[in-house]
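Just so we're on the same page, this note's numbering is the position in the sequence shown counted from 1, plus 3.
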Amino acid sequence: RIRLTTEMMPAHIAHVGRDLRYTYSNRRLGNVMPGRPSDIIGLTGLEALGPANFARILPCLEKALEGEESVIEFTDEETGRRIRGAFTPDLAPEGRVNGVYILSMDVTAEAQARAALAQTRKRELAAQLTSGVAHDFANLLTIILGLQSRLERMALPDEARALVSGTLAAA
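Okay, structure coming up:
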């Protein structure tokens with residue numbers, strides 16, 4: 004029943020012993036990380052995942068072997084998929100760590116949605132900033148035009164009127 008249940012999961016569920024060899028796998032590694040073998044029992048993480056991916060997860064495995072849960076998210080360079088791995092210590096009743104339970108999922112779509120949401124938020128902020136600057140500029144322009152109108156109605160000496168007319172015409 005447990006094998007049937009785990010085989011139906013859209014994630015890779017596995018267990019590695021203290022020697023980092025797989026003692027259980029639901030044969031979904033190839034679905035999460037295409038190109039990887041589906042039958043990995045007895046293999047080490049290095050053999051099943053390759054050097055680059057194993058190097059990424061090794062610190063999490065070591066933490067779990069010390070009794071601490073951890074989660075990592077990384078990009079599989081061969082496939083471009085974003086992978087999230089959760090590592091949970093397999094604790095014996097007396098508290099000794101027997102190995103590590105691993106749950107790996109392809110979160111590429113989720114990562115792309117997060118990136119798109121962040122980009123949309125940046126665009127919204129830029130639009131708000133631009134709108135605010137345009138509003139402030141319009142307010143300043145209204146004041147300048149009002150002062151220009153007031154200056155035109157004032158009785159000014161010819162030199163001052165030429166200066167005001169020339170400056171405003173140039174602007």
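Beta carbons are placed, not taken as given, at the ideal position from N, Cα and C, and that holds for glycine.
C-alpha of L61 to C-alpha of H15: approximately 17 Å in a straight line. Per DSSP, the continuous beta strand (DSSP E) segment holding S73 begins and ends at S73 to T78. DSSP lists no beta-bridge partner residue for S134.
In the three-state DSSP reduction, G83 falls in the coil class, being neither helix nor strand.
Going by C-alpha positions, D139 is about 21 Å away from K125. Counted as a single uninterrupted DSSP element, the beta strand (DSSP E) harbouring N101 occupies residues V100 to D109. Contact check for T91 and E72: beta-carbon distance about 5 Å, within the 8 Å limit, so the pair qualifies. Within a 10 Å sphere around the beta-carbon of R153 sit fewer than 16 other beta-carbons, which makes this residue exposed.
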